Each structure stands twice: as C-alpha cells, then as structure tokens.
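Engineer:
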Amino acid sequence: MVKRDKLTKNQKRQIKKTQQKATDQNKASLSLGQLGERRHGRMVSRFGEQADVLDMTNGQTYRCFLRQNLGSPVTGDFIEFRLDAQQQGIIESIGERHSLLQRPSPHQGLKPVVANIDRAFILLAPLPDFSSILLDRYLIAIENSEIDIILVANKWDLSAEIEKQQIEQQLAIYAQLNYPIIKTSTKSQLGKGQLIENLNQHESILVGQSGVGKSSIINWLFPDQQLATKVVSDNSRLGQHTTTASQLFCLNPQDIKQGLVVDSPGIREFGLWHLEPNQIAQGFREFRDYLGSCKYRDCLHSKEPGCQIIQAVEEAKINKLRWQNYLKILDNNEL
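Count along the sequence shown from 1, then add 12; that gives the number in this note's numbering.
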C-alpha cells in the first residue's frame, strides 16, 4: 500500500513561502549587520540560496548566503565573502573561471557542474555494466572543455564480470589513444597510491554513472567523510544515486590550494544536445588529424563520399567501435 502525502499543495506552497521568508530575513540581517573584511574562498557545495565556502586563508568552512543577482556559483568557484560576528557569511562576488564543465538539463538548460578544475577522473566499472558509448559521451564533453582526462577502472576485483564483458579489450582502445588508465578496488586496496599521486598538485573532479563507486572512492581517500553508498541493483544492474550535490574535498589539509577533489552526482545518461556535430567529432581525439580534409566542408563522417574519417576506419587507422559510437551519439543528438 502506497502512503499518501499528508500535505496538500497549498500547505507545501506555504511551507516553501515560509522557508523563503526566513532565508530573506537571514540575508537581510547579514546585510544590515556588521560584516567583516572581504575574504577569499572556494565554493565547496551549494544548497539552493546557501553554500559552504572554504576560506583559502585559514582552511575553515563557513555556511554563507548568496547575494541576489550574483549569477550561478558552482562547486570550485573562486568567490569573495564576508562574515558577521556569528560567523555567518554572505557571498558577494564570483571570480573569473579558467575552466567550466557543464551538461544540459531537461528543465534547467545548460547546467554548470564544476568550475576551475584542470583534471577529470572518469570512473567506470563492471557493475553497473560497462558502456563504451556512455564513456565516449563523458569524453566528448570533457574534451570540449579542454580538461585533462584520466580513466579509473574501479571494482577491478570483479574479475568474472571484467572477463564476461571483455572490458580489458575495450580499455585497450582508449590506452592506444593515450588516455591514462588507473585500475582500482577499494576492497583489495588496488591502485590507491597511484590515484593519490595523480590527484596531488591538481584540482580534479570524479565523474561517472551512478553506482560506479565514486562515494566509495571518496570514503577511501577521505576516511573522515563516510559518504553514503549503495549497491548496484541486482535486477536492473543500474546504479542508484547517493551523491545529490557536487562537493569539494581537500586531499592535503596543510595545503588547501592543491589536491582538491570534487565528487559529483552520478548520472545514467550524459546529454550532448548542446554541442554541434563538429564539436562532437572534435571530442574524438583520433578524428582530429582528418577533420577539415573531407571532400565536403559539412561532412558528418557517416556515409558521405570522400570522407577521410570513413577511409581511416576502413584502413583500421580509427577503431570501428569508436566510429560506431560517434554515429549513435550523432543520431541521438539529431532526434
């Protein structure tokens, strides 16, 4: 029997209105009260009109409100904020971004995921089932953001699934394209040192579909966090969401300007409909030597005569599976 929601729509509307009023009053009291000097911070995580901010001077984290008309600050943003006597703060400005990873959302348009990172770790695993086309979707988005990429093959203790899905053979394709691959297992402690070595001195994000083990990796790297984790559904073999908002962690508390790691919510699909066909092709790094040399300027590299990419596929200079994934992604974007 399904439990009915005891709150009516009017009651829910009134609760939301009351909460908004309380938020506005808190922001007003901060604006009217005595605020201290401006501080430089980094956005740790955002919750509606509030955010946790890491003070880049003392390493402390403060809960802050966002000023109106500030824009849309996201995890990783450099910001300026001020505190009142009760150590509550208000964010007053967002700094210039040197990188931005974003993805389209059906209801919110193009949605920023994280700002000011220089490295993305794409997690994949045998459970939920490995998907080369989903991996390629991530690669296209991140390649177009000009962010370095490392692949993390997690749950590498599941040898039977790895063999069954021929994941080793599929990953060899990406190794040939010079994507670094780190094999990890939180159960057998495989790859932890190599992962930390590649996270140090960088500002990174962990991305991947729900269930690949991002929260387990965060718990592995940051034992004090103990984020909630969920197992993959036995029936659907799909992951379940545990992380609901991007959150920033510091690998080395003694040096909060480096070794920053962002955990992002898992997603089962990564839409690319904000990208043009040429940007999708650009996301396949092995295509780049051939782009612009086809017979037709507007070549989609699908069935056009004189296409240099199709010829490269026929000559085994470009892997056929990757080209087929490109065609599927292109067709999906044009629906």
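Ideal Cβ positions, reconstructed from N, Cα and C, are used throughout, including at glycine. Predicted, not measured: the structure shown is a model, and the values here were computed from it.
Just to confirm, are Leu284 and Ser314 a CB contact at a threshold of 7 Å?
Structural biologist: no
Engineer: Nearest-angstrom Cα distance between Ser258 and Lys226?
Structural biologist: 11 Å
Engineer: Taking C-alpha atoms, which residue in Ser111, Glu108, Ile91, Pro138 lies nearest to Ile102?
Structural biologist: Ile91
Engineer: For a quick check, are the C-beta atoms of Arg76 and Phe93 less than 7 Å apart?
Structural biologist: According to the sequence shown, residue 76 is Cys rather than Arg. In this structure, Phe93 lies closer than 7 Å to Cys76 by Cβ.
Engineer: Starting from Asp275, follow its DSSP beta bridges and name the residues at the other end.
Structural biologist: Leu218, Gln259
Engineer: Do you know offhand how far Leu183's Cα is from Asn70's?
Structural biologist: The straight-line gap from Cα to Cα measures roughly 42 Å.
Engineer: My output table needs one value for Ala187: the three-state DSSP class, helix, strand or coil.
Structural biologist: Ala187 falls in the helix class under three-state DSSP.
Engineer: Give the straight-line distance between the Cα atoms of Leu207 and Glu108, rounded to the nearest whole angstrom.
Structural biologist: Their backbone Cα atoms lie some 29 Å apart in a straight line.
Engineer: Which of helix, strand or coil does DSSP assign to Trp335?
Structural biologist: helix
Engineer: Would you list, in sequence order, the uninterrupted beta strand (DSSP E) runs of no fewer than 3 residues that lie entirely inside the segment 41 to 126?
Structural biologist: 51 to 59, 62 to 67, 73 to 78, 90 to 95, 101 to 106, 112 to 117
Engineer: Using C-beta distances below 8 Å, list every residue in its chain close to Ile341, excluding the 5 sequence neighbours before and after it, in chain order.
Structural biologist: Ile145, Asp148, Arg149, Ile152, Leu284, Ile292
Engineer: Got a sec? Which residues, its chain only, sit under 7 Å from Leu189 by beta carbon, not counting five neighbours each side?
Structural biologist: Answer for Leu189: Arg297, Glu298, listed in chain order.
Engineer: If you drop the 5 nearest sequence neighbours on each side, which residues of the same chain put their C-beta closer than 8 Å to that of Gln62?
Structural biologist: Thr35, Arg75, Cys76, Phe77, Leu78
Engineer: Per DSSP, which residues does Lys195 bridge with? Please list them.
Structural biologist: Ala165
Engineer: Enumerate in chain order the residues of its own chain whose CB-to-CB distance from Cys306 is below 8 Å, with the five nearest sequence positions on each side excluded.
Structural biologist: His313, Glu316, Gly318, Cys319, Gln320, Ile321
Engineer: Measuring only the C-alpha atoms, how far is Glu158 from Gln46?
Structural biologist: 42 Å
Engineer: If we count Cβ pairs, one from each stretch, closer than 8 Å, do we get three or more for the segment 267 to 277 versus the segment 213 to 223?
Structural biologist: yes
Engineer: Please state the DSSP three-state secondary structure of Ala293.
Structural biologist: helix
Engineer: Output the distance between the C-alpha atoms of Gly223 and Ile330, rounded to the nearest integer angstrom.
Structural biologist: 31 Å
Engineer: Check this for me: beta carbons of Ala165 and Lys195, under 7 Å apart or not?
Structural biologist: yes
Engineer: With a Cβ-Cβ cutoff of 7 Å, do Gly53 and Asp67 count as a contact?
Structural biologist: Yes, these two residues count as a Cβ contact at 7 Å.
Engineer: Here's the rule: buried if 16 or more other CB atoms are within 10 angstroms of the residue's CB, otherwise exposed. What is Gln221?
Structural biologist: Counting other Cβ atoms within 10 Å of its Cβ, Gln221 reaches 16 or more and is therefore classed as buried.
Engineer: Out of Pro138, Gln120, Val86, state which residue places its alpha-carbon closest to the alpha-carbon of Ala127.
Structural biologist: Val86
Engineer: Determine, using beta carbons only, whether His286 and Pro124 come nearer to each other than 7 Å.
Structural biologist: no
Engineer: Can you tell me which of the three DSSP states Ser245 falls into?
Structural biologist: Confidence is the limiting factor: at Ser245 the pLDDT is only 42, short of 50, which leaves the residue's position unreliable, though a coordinate-based value still follows. Note: Ser245 maps to coil in three-state DSSP.
Engineer: Report yes if the CB atom of Val219 is closer than 7 Å to the CB atom of Ala132, and no otherwise.
Structural biologist: yes
Engineer: Check for me: the beta strand (DSSP E) holding Arg149 runs from which residue to which?
Structural biologist: Segment 144 to 156 is the alpha helix (DSSP H) holding Arg149; no beta strand (DSSP E) there.
Engineer: Since Tyr186 and Leu170 are thought to touch, with beta carbons under 8 Å apart, how far apart are those beta carbons, to the nearest angstrom?
Structural biologist: Wrong, their Cβ atoms sit about 19 Å apart, outside the cutoff.
Engineer: Quick one: residues in its chain with C-beta nearer than 8 Å to the C-beta of Arg50, no 5 flanking neighbours on either side, listed in chain order?
Structural biologist: Glu92, Phe93, Arg94, Glu104
Engineer: Does the beta-carbon distance from Lys176 to Ala137 come in below 7 Å?
Structural biologist: no
Engineer: Specify, as a first and last residue, the run of the beta strand (DSSP E) that Ala132 falls within.
Structural biologist: 131 to 136
Engineer: Going by DSSP in three states, Leu207 sits in which element: helix, strand or coil?
Structural biologist: helix
Engineer: When you compare only the Cα positions, how much space is there between Asn210 and Ile268?
Structural biologist: Using only the alpha carbons, I get a separation of about 16 Å.
Engineer: Tell whether a beta-carbon distance below 7 Å holds between Ile106 and Gly121.
Structural biologist: For the 7 Å CB-CB criterion, Ile106 and Gly121 do not form a contact.
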